[in-house]
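To start, the structure itself, in structure tokens.
Protein chains: 2
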Amino acid sequence: VSATIEQSTPAGILRSALADAGVFANAGEARAWIFDSARRQPQRVTSIPFAQLERWGFEPATGDLVHSSGKFFRVTGVHVRRELGRPAEWEQPIVDQPEIGILGIVAREIDGVLHLLMQAKLEPGNPLGVQLSPTVQATRSNYTQVHQGNRPLYLDYFVEPGRGYVLVDELQWEHGSAFLRKRNRNVVLLVDGHVPVEEGFAWFTLAQLKALLGEANLVSMDARTVIACLSMVDGRRGEAAIEHEVARCSEFGAAVLRSLATLRAASTDEELHAWLTWLKCNHHLNVRRAGLSGIKGWRRTDTEIVSDGGSMFKIVAVDVASASREVTRWTQPMIAACAPGTIGFLVTEIGGVLHALLRARSEPGTPDVVILGPTAQSALGFEPDGDEAIEMVLHPRSGARLRYAAAQSEEGGRFYQTVSEYRIVELDHGEDLAISPDCRWLTFRQIQEMLRYGLIGVEARSLLSCLALR
Amino acid sequence: VSATIEQSTPAGILRSALADAGVFANAGEARAWIFDSARRQPQRVTSIPFAQLERWGFEPATGDLVHSSGKFFRVTGVHVRRELGRPAEWEQPIVDQPEIGILGIVAREIDGVLHLLMQAKLEPGNPLGVQLSPTVQATRSNYTQVHQGNRPLYLDYFVEPGRGYVLVDELQWEHGSAFLRKRNRNVVLLVDGHVPVEEGFAWFTLAQLKALLGEANLVSMDARTVIACLSMVDGRRGEAAIEHEVARCSEFGAAVLRSLATLRAASTDEELHAWLTWLKCNHHLNVRRAGLSGIKGWRRTDTEIVSDGGSMFKIVAVDVASASREVTRWTQPMIAACAPGTIGFLVTEIGGVLHALLRARSEPGTPDVVILGPTAQSALGFEPDGDEAIEMVLHPRSGARLRYAAAQSEEGGRFYQTVSEYRIVELDHGEDLAISPDCRWLTFRQIQEMLRYGLIGVEARSLLSCLALR
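Residue numbers (the working numbering), protein chains in the order written: chain D, 1 to 470; chain B, 471 to 940.
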């Protein structure tokens with residue numbers, strides 16, 4: 001019975017979230033290391049016409065954009081009908097990549113503080129070239145090609161049993177607006193003993209990562225989703241577990257921490273389940289596959305597949321040259337947002353406990369009718385208009401406090417320079433706001449519990465990872 | 471902030487689970503009421519050839535057994551390939567009923583004790599004709615046909631918002647061996663004030679229901695699955711919450727209650743998630759629809775559709791006559807098991823905490839690769855052989871204690887006289903048993919938490935509902 005370890009790990013994660021100093025003396029040193037890594041990994045990414053894609057082409061029967069090996073992914077089309085959200089019906093391109101990838105972080109205690117081994121990883125779509133990424137990012141194709149000599153570093157920790165103590169090991173869903181039910185395995189493994197640090201890798205405390213998340217585009221979406229899965233407080237232990245740490249937090253960080261620890265909430269857990277049940281019972285989501293050439297409202301030029309209205313996103317092609325990756329030149333299709341988005345939580349104290357306003361969304365890639373997302377999400381997909389809560393995030397009124405704001409980009413292996421402003425806006429008396437039936441105020445404990453069961457979408461997970469305690 | 475109510479409801483449920491006396495003075499009186507109800511609702515069910523079905527027939531294109539209205543359900547076929555369990559590939563008939571039904575129980579405090587309003591409901595497949603069933607059992611077709619005058623009694627509690635305090639409101643999956651991804655809304659609503667008690671309905675304490683579950687076939691599967699969703703202990707509050715009640719339990723009931731309350735466990739919650747993640751990442755389940763006439767290994771006679779091997783189940787047709795239902799005569803197809811099954815948990819104390827051995831199963835109707843079931847389940851589907859844990863349930867060795875044993879039937883509206891022996895077998899030092907990778911020991915707190923998120927199958931939920939504290 002491993003009760004002792006179980007009880008101590010959220011506490012260890014919390015201590016790491018408060019540790020400004022670690023292997024890097026501070027976040028500034030950590031930041032310098034990223035920029036240094038970026039300089040050592042130059043990359044040239046050029047937009048090209050689809051005709052210049054190598055081994056990628058449009059499949060005659062369907063019009064789908066596919067790789068000649070049948071591997072990687074496929075850009076296909078879907079027809080969507082939904083009963084939650086507007087528009088109620090449309091067609092769009094979507095990425096079909098049925099594999100479950102691994103997003104794995106190796107963790108270790110160094111001088112008594114939990115550190116995470118992160119990689120300065122180059123991706124074609126990244127705004128700065130490199131971003132801090134998980135120790136391992138691997139698709140099944142990656143790691144089953146053992147004999148081709150490009151097995152990812154540190155992979156064995158995540159595919160061999162018993163290599164460490166499990167802090168996180170969950171399946172989490174990707175962007176439902178752009179992927180057809182794609183999910184990844186999010187893993188954090190606490191390892192005992194020496195771990196070799198390869199070129200391009202370094203140890204960070206959670207506080208350092210959260211400090212870097214305060215800046216634009218330094219930490220990848222893949223890293224953000226894994227970080228969001230880490231529980232800093234065991235919600236079952238309550239407020240006693242955080243008593244001593246609250247004093248070391250910023251005012252807002254303390255409110256977040258208390259919200260993670262308390263059982264008090266505006267809605268009971270049963271009421272939240274009842275709400276999810278109501279959403280699932282009373283709203284259909286119907287997604288029918290159609291070939292990419294068969295979808296209405298989109299046109300293909302030599303260089304892009306774009307919607308007639310120009311909204312949502314477009315499909316483009318790029319040529320990538322990089323001396324530092326195992327493959328030094330390749331071409332691939334990518335998704336590119338048509339405009340920078342805004343992704344934000346409205347938060348407020350209700351009965352002295354910080355709550356965030358989550359909105360249920362039905363997207364083409366949503367596995368079970370709805371998934372919970374941020375209050376506002378005007379990125380890649382559609383956003384309902386005329387909702388006061390969304391307005392409050394996009395144009396905070398006077399008196400509202402901007403608790404977090406930074407540009408963060410989506411996954412740079414699939415999304416080309418796709419950046420959104422991530423925001424957390426705090427209101428006084430937010431509970432007086434008229435909210436629509438697809439929204440509910442949740443405490444951070446309630447969000448963290450639902451997250452563990454795959455009910456929180458990637459945009460909301462990204463925002464959660466940005467919450468700093470200091 | 472409704473913290474006070476939230477904290478008090480599991481305690482109220484626990485008190486009800488210990489209350490032998492209620493509106494009925496004891497379980498014996500409650501039992502007499504069921505048999506009296508059975509006498510007042512005679513029913514005649516006769517096996518008939520398929521040709522005598524009215525408004526049901528075999529669709530020419532597919533061979534599917536369908537109703538001429540297109541409503542109710544459809545018996546179709548599937549081809550199944552799976553990587554978890556043997557056989558790895560087969561074809562079978564399956565029921566396709568895409569609607570989400572309501573299984574709703576109205577609850578009320580009477581003289582300070584929580585009571586559940588149950589119905590003595592007649593169903594053609596029930597061994598004794600009537601069984602104690604939820605207050606409301608309704609499909610969407612039932613409750614949207616408002617103008618046809620057969621709107622179910624008490625339905626409004628469950629379709630109108632705000633009629634009570636939510637104790638349970640979750641979607642739960644039906645038999646994956648016989649239904650194609652069918653789920654129901656399981657609801658318990660705590661109502662304040664007077665509730666009229668209609669003919670055929672009565673109030674029961676949870677202890678009385680659990681006493682009746684100690685006997686064969688008195689409580690329906692639909693009632694069992696809802697009862698299993700009721701949390702007697704808030705797992706987050708720990709052992710302090712149950713201190714005073716343990717003394718009022720039987721020896722085994724006390725062990726169950728402590729297991730529901732403690733955070734100690736053989737595996738951490740994170741390890742259990744990692745196990746589920748491993749199962750989902752490394753085992754495919756592929757279910758392809760095929761017409762009923764297109765499935766191999768099955769033949770249709772005048773009176774049944776049966777597999778060549780004779781195993782699994784068969785499809786039959788019945789004629790039903792009953793004076794007490796709103797429709798007094800009808801015919802319908804039903805599923806009938808070919809032999810009585812056994813459904814059982816192996817339980818053992820590990821580190822002083824009671825654990826049950828759950829087995830992950832991949833069935834044609836399983837929504838996401840695996841769902842957790844009992845240790846042994848030789849009912850309707852296949853059962854792997856050669857597993858010591860299964861042997862231990864089917865043929866308990868000397869020294870093993872049979873903590874529960876009773877025949878219980880599956881849902882009588884679809885399953886014809888389909889009865890299994892439900893069993894809980896306790897071993898000493900069960901943790902020394904060699905178990906296969908599809909099995910894990912869980913505490914009852916861990917099971918209850920996963921149950922809330924739809925990860926526990928209907929057979930295991932049935933067994934959990936049978937656990938009595940007295």
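Even glycine gets a Cβ: it sits at the ideal position worked out from N, Cα and C.
Note that the structure is predicted; figures quoted are calculated from it, not measured.
- The three-state reading of DSSP puts residue 893 of chain B in strand, counting E and B together.
- If the five residues before and after residue 799 of chain B are omitted, its C-beta is found closer than 6 Å to the C-beta atoms of 791, all from its own chain and listed in chain order.
- Taking a Cβ-Cβ threshold of 7 Å, the residues of chain D close to residue 744 of chain B are 166, 169, in chain order.
- In terms of CA proximity to residue 933 of chain B, B:698 leads the group B:887, B:498, B:698, B:548.
- Contiguous alpha helix (DSSP H) elements confined to the region 714-743 of chain B occur at 721-731, taking only those with 4 or more residues.
- Judged by DSSP in its simplified three-state form, residue 863 of chain B adopts helix.
- For residue 525 of chain B, the nearest beta carbon of chain D is not closer than 8 Å to its own beta carbon.
- For residue 294 of chain D and residue 63 of chain D, the gap between their C-alpha atoms comes out near 8 Å.
- When Cβ-Cβ separations below 8 Å define contact, residue 271 of chain D makes contact with chain B.
- About 15 Å separates the Cβ atoms of residue 226 of chain D and residue 191 of chain D, ruling out a contact at the 8 Å cut-off.
- In the DSSP assignment, residue 373 of chain D falls within the unbroken beta strand (DSSP E) covering 371-373.
- With contacts defined by Cβ atoms closer than 8 Å, residue 139 of chain D and residue 105 of chain D do not form a contacting pair.
- Partner residues in the beta bridge of residue 776 of chain B, as assigned by DSSP, are B:769.
- Taking a Cβ-Cβ threshold of 9 Å, none of the residues of chain D is close to residue 909 of chain B; the smallest such distance is about 15 Å.
- Within 7 Å of the CB of residue 277 of chain D, the CB atoms of chain B belong to 639, 640, 641, 655, in sequence order along the chain.
- The C-beta separation of residue 115 of chain D from residue 46 of chain D comes to about 37 Å, leaving the pair out of contact by the 8 Å criterion.
- The region 236-252 of chain D and the region 164-180 of chain D do not touch, with fewer than 3 CB-CB distances between them shorter than 8 Å.
- Our two residues, residue 921 of chain B and residue 927 of chain B, have alpha carbons roughly 8 Å apart in a direct line.
- For residue 730 of chain B and residue 711 of chain B, the gap between their C-alpha atoms comes out near 11 Å.
- In the DSSP annotation of this structure, the continuous segment of the beta strand (DSSP E) that includes residue 804 of chain B starts and ends at 799-807.
- Only exposed fits residue 580 of chain B, as fewer than 16 other CB atoms lie within 10 angstroms of its CB.
- Three or more Cβ pairs closer than 8 Å define a contact, and the region 540-553 of chain B falls short of that threshold against the region 627-640 of chain B.
- Between residue 621 of chain B and residue 835 of chain B, the CB-CB gap reaches or exceeds 8 Å.
- Contact residues of the region 828-860 of chain B toward chain D are 837, 838 (C-beta to C-beta distance below 9 Å).
- Residue 563 of chain B sits in a strand when the DSSP states are folded into three classes.
- For residue 422 of chain D, the closest Cβ of chain B is not nearer than 8 Å.
- For residue 488 of chain B, there is no enclosing beta strand (DSSP E), as DSSP gives it neither H nor E.
- Separation of the CB atoms of residue 360 of chain D and residue 370 of chain D is rounded to 4 Å, and the pair is thereby assigned contact status at 8 Å.
- Between the region 428-447 of chain D and the region 258-278 of chain D, the count of C-beta pairs closer than 8 Å reaches three or more; the two stretches touch.
- At least 8 Å separates the CB of residue 105 of chain D from every CB of chain B.
- Secondary-structure assignment with DSSP links residue 165 of chain D through a beta bridge to D:190.
- Interface residue (Cβ-Cβ distance to chain B less than 8 Å): residue 157 of chain D is not classified as such.
- DSSP places residue 282 of chain D in the helix class (H, G or I) of the three-state scheme.
- In the displayed model, residue 119 of chain D falls within a strand according to three-state DSSP.
- Only 750, 751 from the region 749-766 of chain B bring a Cβ to less than 8 Å from some Cβ of chain D.
- One finds 453 in chain D with Cβ atoms closer than 7 Å to the Cβ of residue 923 of chain B, taken in chain order.
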